[in-house]
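Residue numbers (the numbering used here): 7 to 190.
Encoded as structure tokens, the structure appears first; notes follow it.
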């Protein structure tokens with residue numbers, strides 16, 4: 007297993023499910039709430055917005071305007087963490103012509119999860135109103151059961167909010183529970 011990698015970008019040269027109604031978050035310790043899907047859960051500050059909860063995923067909006075996304079699922083096939091990250095890169099390249107790797111892919115343990123890989127991408131996005139701004143996205147993926155069970159974490163923020171969002175999300179990583187992770 008590799009180390010948990012820093013979320014700091016370093017410049018370099020280089021199947022859909024229906025949207026069920028999210029379950030109401032459960033109160034956690036004072037000032038927090040438990041957000042739970044069938045395959046993953048996390049305890050976050052009370053003032054974070056629950057964007058989406060589905061069978062295998064949770065999407066949260068932090069008070070700093072960033073996004074924390076967690077997903078864990080069982081596949082009918084097998085994949086590697088590298089394939090998952092490559093698919094994420096290709097997906098963004100199709101939509102954002104200036105996407106670049108800001109920190110090369112490397113080994114990284116998912117918080118409370120399996121060994122995996124991570125990468126940081128940077129690109130410019132445009133809102134529906136036409137405003138453009140640079141963003142940073144941290145992607146981390148791991149697998150178990152020979153690659154049939156996937157664990158995925160994403161942190162997304164505008165560049166000008168990145169440091170504040172990282173300060174918000176890193177402390178909640180310890181509360182992630184990957185429910186499909188084999189015991190032990």
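Where a beta carbon is used, it is the ideal one built from N, C-alpha and C, also for glycine.
Checklist entry - For the beta strand (DSSP E) that contains residue 115, what are its first and last residues? => result Looking at the DSSP string, the run of the beta strand (DSSP E) that includes residue 115 is 106-115.
Checklist entry - residue 96: which of 127, 80 and 76 sits nearest, CA to CA? => result The alpha carbon of residue 96 has as its nearest neighbour, out of 127, 80 and 76, the alpha carbon of 127.
Next on the checklist: Contact defined as beta carbons within less than 8 Å: I believe residue 37 pairs with residue 175. What is the distance between those atoms, to the nearest angstrom?
Outcome noted: Residue 37 to residue 175, Cβ: 16 Å. No contact.
Next on the checklist: Please state whether the Cβ-Cβ distance between residue 77 and residue 63 is less than 8 Å.
Outcome noted: Between residue 77 and residue 63, the C-beta gap is smaller than 8 Å, which places the two residues in contact.
Checklist entry - Using a Cβ-Cβ cut-off of 8 Å (strictly less than) and excluding sequence neighbours within five positions of residue 130, which residues of its own chain qualify? => result These residues qualify, in order along the chain: 102, 104, 138, 139, 140 and 141.
Checklist entry - Quick one: Cα of residue 158 to Cα of residue 147, how far? => result Looking at the two C-alpha atoms, the distance is approximately 5 Å.
Checklist entry - Straight-line CA distance for residue 79 to residue 134? => result Rounded to the nearest whole angstrom, the CA to CA distance from residue 79 to residue 134 is 31 Å.
Next on the checklist: Between residue 148 and chain D, is the shortest Cβ-Cβ distance under 8 Å, so that the two count as touching?
Outcome noted: Chain labels in this structure do not include chain D; a single protein chain is all it has.
Checklist entry - My guess is that residue 84 and residue 153 are in contact by the Cβ rule of under 8 Å, so how many angstroms apart are they, rounded? => result 3 Å between Cβ atoms; contact.
Item to check | Residues near residue 6 by beta carbon distance below 8 Å, same chain, minus five either side | outcome: Given a span of 7 to 190 for the chain in the structure shown, any question on residue 6 remains unanswerable.
Next on the checklist: Helix, strand or coil, according to DSSP, for residue 79 in the structure here?
Outcome noted: When DSSP states are grouped into helix, strand and coil, residue 79 belongs to the strand group.
Checklist entry - In or out: residue 112 buried (at least 16 other Cβ within 10 Å) or exposed? => result With fewer than 16 Cβ atoms within 10 Å of its Cβ, residue 112 is classed as exposed.
Checklist entry - To the nearest angstrom, how far is it from the Cα of residue 56 to the Cα of residue 66? => result About 5 Å.
Item to check | Closest by C-alpha distance to residue 165, when choosing among 87, 100, 144 and 122 | outcome: Answer by Cα proximity: 144.
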